[in-house]
Amino acid sequence: MSERYIFKKEFEPIALVGENILILPDNRAFKVVYIEQLPIYVKDFGPIAAGSEIVTGEAGVPDLVKGFLEMPKNELAQIRFKLLDDIEVRVFQPRRAGRFTTNAVQFVIDKRIEEIDPTLKLTEIFQFEDRSLAFIIRNPTNYNLSSSRILFMGYRYVLKELSQIPEKYVAVPVGAYVAEK
């Protein structure tokens, strides 16, 4: 059973060296062998016309995973992000599976998130290896934006795979959960 919890108010590592992580929805267990900070990375996805959107990974648009959020084999990133421009973001992981969803709606992240959640815990996502992660970035305003910048920060974990699920672990979602019907 898990003794540590993710999505804490304060932004701290979800597991320490020697502790275990269970990657969901795969149910693969790992031991943490190394941790380091990922202080700040700002990515500008470019200009967006009023009311328009861009999809990361499409032709001509930077891909969230390939290049700057992709992790090597057996590595995990714990990321929180902050919107620097007046944009809305919808998160997908894998690329076609919406995150932050109910049966009826996919929740968006916009500039108001900082008023509600100054620690940005509601933006926390996890990138395991090269698992597909994508954003749809929308300009909700009635004016063109010259940039669509997002600041990323977090922690990097180097992991060693375990042959079985240990008794104690931290469960980490790295993709949308799809319930059996």
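Each residue of the sequence shown is one higher than the one before, starting from 83 at the first, in our numbering. Beta carbons: idealized from backbone N, C-alpha and C, even for Gly. No experiment lies behind these values; they were computed from the predicted model shown.
What span of residues does the alpha helix (DSSP H) with ILE195 cover, start to end? Its alpha helix (DSSP H) spans residues 195-198.
For the region 217-236 against the region 162-172, do three or more pairs of beta-carbon atoms, one drawn from each stretch, fall closer than 8 Å, so that the two count as touching? Result yes; three or more Cβ-Cβ pairs closer than 8 Å.
Which residues does DSSP pair with PRO255 in a beta bridge? Bridge partners of PRO255: LEU106.
Between which two residues does the beta strand (DSSP E) holding LEU98 run? In the DSSP assignment, LEU98 falls outside any beta strand (DSSP E), carrying neither H nor E.
Assuming contact is defined by CB atoms lying nearer than 8 Å, are TYR225 and ALA132 in contact in what I supplied? In contact: TYR225 and ALA132 (Cβ atoms closer than 8 Å).
Check whether LEU233 and ILE130 have beta carbons under 8 Å apart: In this structure, ILE130 does not lie closer than 8 Å to LEU233 by Cβ.
7 Å Cβ shell around TYR57 - same chain, five flanking residues per side excluded: Absent from the model: residue 57. The displayed extent of the chain is 83 to 263, so no value can be given.
Three-state secondary structure (DSSP) at PHE150? Here PHE150 sits in helix by DSSP.
Alpha-carbon to alpha-carbon, ASP168 and LEU241: Spanning the two alpha carbons is a distance of roughly 36 Å.
Cut-off 8 Å between Cβ atoms - residues of its own chain near ILE195, not counting five sequence neighbours on either side: If we look at ILE195 and ignore the five residues flanking it on each side, its Cβ neighbours are LEU165, LEU202, LEU204, THR205.
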